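Asks: First, the structure itself, so that you have it in front of you.
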Amino acid sequence: SLTAGVVAVQGDVEEHAAAIERTARAHDREVTVHEIRESGLVPDCDLLAMPGGESTTISRLIRDEGIAPEIRDHVAAGKPLLATCAGLIVASSDPNDDRVDQLGLLDVSVERNAFGRQKDSFEAPLEVAGLAEPYPAVFIRAPAIDSVGDAEVLASWNDRPVAVRQGPVVGTAFHPELTPDSRIHGLAFFENEAARVPGIEEAQ
Ligand code: GLN
2 SLTAGVVAVQ GDVEEHAAAI ERTARAHDRE VTVHEIRESG LVPDCDLLAM
52 PGGESTTISR LIRDEGIAPE IRDHVAAGKP LLATCAGLIV ASSDPNDDRV
102 DQLGLLDVSV ERNAFGRQKD SFEAPLEVAG LAEPYPAVFI RAPAIDSVGD
152 AEVLASWNDR PVAVRQGPVV GTAFHPELTP DSRIHGLAFF ENEAARVPGI
202 EEAQ
């Protein structure tokens, strides 16, 4: 059985946990989901999600709690991380904002709130590399990706990248935990060829 972690200092934690459970069921896998608010839990996790929320707050709390280096080690070990919205900003190499202490796990620079304010939240049918049908992507004060280094662009909206992958890390500007469609979690955790996680193969 798999152990999953959702970084739970802020944001759509329960929704991510539910999406992970749903996705695991769809892949005939058992999973236990832990909410990560302190250090010491991440090393036991096979896969991790870092939700949306406020990137300044999330980055500060994971740094202060000593969770940030554990997330870096998790990715360095080739284990999957899905970073969504504010999570993408925190995972980036350049958040263009001094108040965000980035993890540098995705070689992208981002622009916070690039798609407008809260009232400008929207849903869009997004073409995503690796998915046969468009994905119903919910954008809420979403960041856009300005420039991409080593990461691979999986999806763009209005000519701006909004989903990227770099090895075991998938980052999305939108919120895949807010729709019942589990394909992004599936892509990040169960079908990411770029990750090839030994731990997960062994557990099967
Ligand atoms: N606007 C938030 C930030 O910049 C991200 C929004 C979200 O996660 N829904 O941190």
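For the sequence shown, the residue numbers in full-length UniProt numbering are 2 to 205.
Even glycine gets a Cβ: it sits at the ideal position worked out from N, Cα and C.
Since we're looking at a predicted model, the values are computed, not measured.
#1: Looking at C-alpha atoms only, which residue of Phe-191, Ile-59, His-17 and Ala-143 is the closest neighbour of Gly-117?
#2: Run the proximity test for Gly-53: is its beta-carbon closer than 7 Å to any non-hydrogen atom belonging to the ligand GLN?
#3: Does at least one heavy atom of the ligand GLN sit under 7 Å from the Cβ of Pro-144?
#4: For Ser-93, which three-state DSSP category applies?
#5: Which of the three DSSP states is assigned to Arg-30 in this structure?
#6: Taking only beta-carbon positions, decide if Pro-162 is within less than 8 Å of chain E.
#7: Mapping the DSSP letters down to three states, classify Val-10 as helix, strand or coil.
#8: From which residue to which residue does the alpha helix (DSSP H) around Ser-60 run?
#9: Does the distance from the CB of Pro-52 to the CB of Asp-98 come in under 8 Å?
#10: Quick check on the burial criterion: 16 or more other C-beta atoms within 10 angstroms. Buried or exposed for Arg-26?
#11: For Leu-3, count neighbouring C-beta atoms within 10 Å of its own C-beta (all shown protein chains included) and say buried if the count is 16 or more, exposed if not.
#12: Distance, Cα to Cα, Ala-130 vs Thr-58?
#13: Starting from Glu-192, follow its DSSP beta bridges and name the residues at the other end.
#14: Verify whether the separation of the beta carbon atoms of Ala-174 and Leu-83 is less than 8 Å.
#15: Could you tell me which of Pro-44, Asn-114 and Ile-146 sits nearest to Gly-54, measuring between CA atoms?
#16: Between the C-alpha atoms of Ile-161 and Ala-145, what's the straight-line distance to the nearest angstrom?
#17: Return the bridge partner residues of Glu-71 from the DSSP annotation.
Replies: Concretely, from the data shown:
#1: By 1-based counting over the sequence shown, the position of residue 117 is 116. Ranking Phe-191, Ile-59, His-17 and Ala-143 by Cα distance to Gly-117 puts Ala-143 first.
#2: Position 52 of the sequence shown, counting from 1, holds the residue named residue 53. Correct: Gly-53 has its Cβ closer than 7 Å to the ligand GLN.
#3: Locating residue 144 in the sequence shown gives position 143, counting from the first residue. Pro-144 Cβ: within cutoff of the ligand GLN.
#4: Counting from 1 along the sequence shown, the entry for residue 93 is found at position 92. Three-state DSSP puts Ser-93 in a strand.
#5: For this step, residue 30 is matched to residue 29 along the sequence shown. Coil.
#6: Any reference to chain E falls outside this structure, which holds one protein chain only.
#7: In the sequence shown, residue 10 corresponds to position 9, counting from 1. Note: Val-10 maps to coil in three-state DSSP.
#8: Within the sequence shown, the letter at position 59 stands for residue 60. Unbroken alpha helix (DSSP H) run through Ser-60: 56-65.
#9: Counting from 1 along the sequence shown, the entry for residue 52 is found at position 51. Counting from 1 along the sequence shown, the entry for residue 98 is found at position 97. Result no, Cβ atoms of Pro-52 and Asp-98 do not sit closer than 8 Å.
#10: Here residue 26 is taken as the residue at index 25 of the sequence shown, counted from 1. Under this definition Arg-26 is an exposed residue.
#11: As a working note, residue 3 is residue 2 in the sequence shown. Buried, because 16 or more other Cβ atoms sit within 10 Å of the Cβ of Leu-3.
#12: For the purposes of this step, residue 130 is taken as residue 129 along the sequence shown, with counting starting at 1. For the purposes of this step, residue 58 is taken as residue 57 along the sequence shown, with counting starting at 1. Taking the straight line from one Cα to the other gives about 31 Å.
#13: Counted from its first residue, the sequence shown places residue 192 at position 191. In DSSP, Glu-192 forms no bridge with anything.
#14: Residue mapping note: residue 174 aligns to position 173 of the sequence shown, counting from 1. Residue mapping note: residue 83 aligns to position 82 of the sequence shown, counting from 1. No, Cβ-Cβ distance for Ala-174 and Leu-83 is not below 8 Å.
#15: For the purposes of this step, residue 54 is identified with residue 53 of the sequence shown, where counting begins at 1. Closest option to Gly-54, Cα to Cα, is Asn-114.
#16: As a first step, residue 161 is located in the sequence shown; it is residue number 160 there, counting from the start. As a first step, residue 145 is located in the sequence shown; it is residue number 144 there, counting from the start. At residue 161 the sequence reads Arg, which differs from the Ile that was named. Between Arg-161 and Ala-145, the C-alpha separation is close to 6 Å.
#17: Residue 71 sits at position 70 when you count from the first residue of the sequence shown. Note: Glu-71 sits in no beta bridge, so no partner.
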